[in-house]
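In the numbering used here, the protein residues as written are 826 to 1207. Using N, Cα and C, we set each Cβ at its ideal position, and we do this for glycine too. One structure below.
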Amino acid sequence: MRMILVGHVFSGARRARSCANLNCRLSARITRIRIQGELRMTAEKWYRDLIRIDPSQISVLLFVRVAIAVAVPLFVFWLVGHRVAAVAGGATALFVSLCDIGQTRSERARTMVIATLAMLLGGFIGAKFGAETYADETIIVVSAFIAGWVSNSHPGISAVARFTALVTAGGVGMQVTDPVAAVAMLCGGAGAIVVAYAMWFMDDVRPDENFMDWRAGVRRAIAGADVGLWFALCYSGACAVSLLAAKQLGLNDPYWATFTVIVVMRREGVASLNLVILCTLGTIAGVPTAALLAQLSIGYPLVQIVLAATAAACVRLGLALNPGLGYLAFTVFVVLIVELARESSVPPSALVLTRLYDVGVGCVIVLVATVIAGVKNWGRQS
């Protein structure tokens, strides 16, 4: 009888340990699922962190605002015979418009002023020193490292840093020698701010959801808050790899792959893989779309300017609706203005093949770098 009782006791203890282990595994699994769900929600909302426009606020005035801000410098500087300056002014107007972030009008205007000056400095450094041996790679990698380091500090700081890195790479890649380009960039940024104020008085846009002030954002930027060294290294390393791969693979325009990395790669790592894939598909789809529009507008630069301004206006709306649509419009805009600057009459088939190859290499690098950037955090969460 005593042996039976002892056997029951040991059996009950084993069952208790088994239940405890099962509960621990279930609890760990539930926690893991909860963390993955939170990360997925964060990734899905990341594109709003950059643009901070609620879809309910989309209006015709928002579309017209960006279209006017981009079209004016494109048309004016093209009209006076400075095509490269026209492209610099139009691109700056779009990027500054995308930096419209803040709680008040004055805060938004301040962010856009900082964006204008930062892009002007980045473009100058890229164009001035990018022709030196190894200087082009160094400049791009350093600007990308800074953008990656501050990518989760403050939406305004993050947007300014990323677009500055893009303009810096553009300055290196295009080797702008026209001094009027600096004037065009200032005019593009100032025009975007003036048009923004005009539209705010006509149809005020509600403040975005970001309640962080600039002082806290600057402190977080200096500390690399919630990002750290790992993502900054992955982000800048992906840019370096894109430059190296472009030269090894003999890409027609090596910096297109780098542009793709700077724009598409996200900071959430594996959690944002679906979002990165969406952005990648939108970027790739934008190439044949731009080639078709460029073919339809060959010999009609005014038509090309109108198409580029329309694509720029669709960027903001597209990002508010779906990341893929926003990146498609962004790619169309960039391809069109570059072809406008070069006065290119490349056949659409050749343009599609060269740009798809360049952009495709960049997209592959982005996907690999995204997985690598997320490995450390994923292992820690597991």
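Here V1131 has A896 as same chain residues with Cβ atoms under 8 Å from its own Cβ, once five neighbours each way along the sequence are excluded.
Contact check for T917 against G947 fails: the beta carbons are separated by 8 Å or more.
Scanning its chain for C-beta atoms nearer than 7 Å, with the 5 sequence neighbours on each side dropped, one finds around P1126 the residues W903 and L1165, in chain order. Excluding the 5 residues flanking it on each side, A1050 has same chain C-beta neighbours closer than 7 Å at N977 and S978, in chain order.
By the C-beta density criterion, G1124 is exposed, having fewer than 16 other C-beta atoms within 10 angstroms. The stretch 1141-1160 makes no contact with the stretch 1185-1193, as fewer than three CB pairs between them are under 8 Å. Comparing alpha-carbon positions, the option among T929, G996, C1012 and A972 lying closest to D961 turns out to be G996. Annotation: G1143 to V889 spans about 14 Å, alpha carbon to alpha carbon. Proximity to A1137 across H907, V901 and L919 peaks at L919, based on C-alpha coordinates.
Counting the other CB atoms within 10 Å of its CB gives L1054 a total below 16, which places it among the exposed residues. Pairing I971 with A986 gives a Cβ-Cβ distance under 8 Å. Here G1107 is not near L1161, since their CB atoms are 8 Å or more apart.
Every candidate beta strand (DSSP E) stretch fails here, since none sits fully inside the stretch 1143-1169 while reaching 3 residues. With 16 or more other Cβ atoms inside 10 Å of its own Cβ, T989 counts as buried. Taken in chain order, the unbroken stretches of alpha helix (DSSP H) that lie wholly in the stretch 961-1046 and span 4 residues or more are 980-999 and 1005-1027. Residue environment: Q1129 is assigned as buried (16 or more neighbouring CB atoms within 10 Å of its CB, all protein chains considered). The beta carbon of V1043 sits closer than 8 Å to those of S978, H979 and I982, all from its chain and outside the five residues before and after it, given in chain order. The residues M937, A940, T941, G1014 and A1017, in chain order, have a CB closer than 6 Å to that of V921 in the same chain once the five nearest residues on each side in sequence are set aside. The beta carbon of H907 lies closer than 8 Å to those of D1003, V1005, A1006 and A1009 in the same chain, with the five residues before and after it left out. By the neighbour-count criterion, in which a residue is buried when 16 or more other Cβ atoms sit within 10 angstroms of its Cβ, L1068 is buried.
Per DSSP, the continuous alpha helix (DSSP H) segment holding V889 begins and ends at V885 to L904.
The residue from F954, A1145 and S968 with its alpha-carbon nearest to that of F1084 is S968. Out of A1145, G1199, D925 and V1163, the CA that lies nearest to the CA of W1025 is found in D925.
Shown here, S922 sits in a helix according to DSSP, grouped into three states.
The DSSP-derived three-state label of T1083 is helix. Counting along the chain, the unbroken alpha helix (DSSP H) around G951 starts and ends at R930 to F954. Across the structure, L1103 and V966 are spaced so that their CA atoms are roughly 25 Å apart.
Within a 10 Å sphere around the beta-carbon of M944 sit 16 or more other beta-carbons, which makes this residue buried.
Under the 10 Å beta carbon count, Y1060 is surrounded by 16 or more other beta carbons and is classified as buried. Contact check for V1112 against R1180 passes: the beta carbons are separated by less than 8 Å.
Counting only residues of its own chain and dropping the five nearest sequence neighbours on each side, R1045 has a CB closer than 7 Å to the CB of S978 and H979. Here I1123 carries a coil assignment [DSSP, helix/strand/coil]. Minimum Cα-Cα distance from I1190 among the listed residues V1159, V1101, A1115 and Q1120 corresponds to V1101.
Cβ-Cβ separation between T1135 and A952: approximately 28 Å, too far for a contact (criterion under 8 Å).
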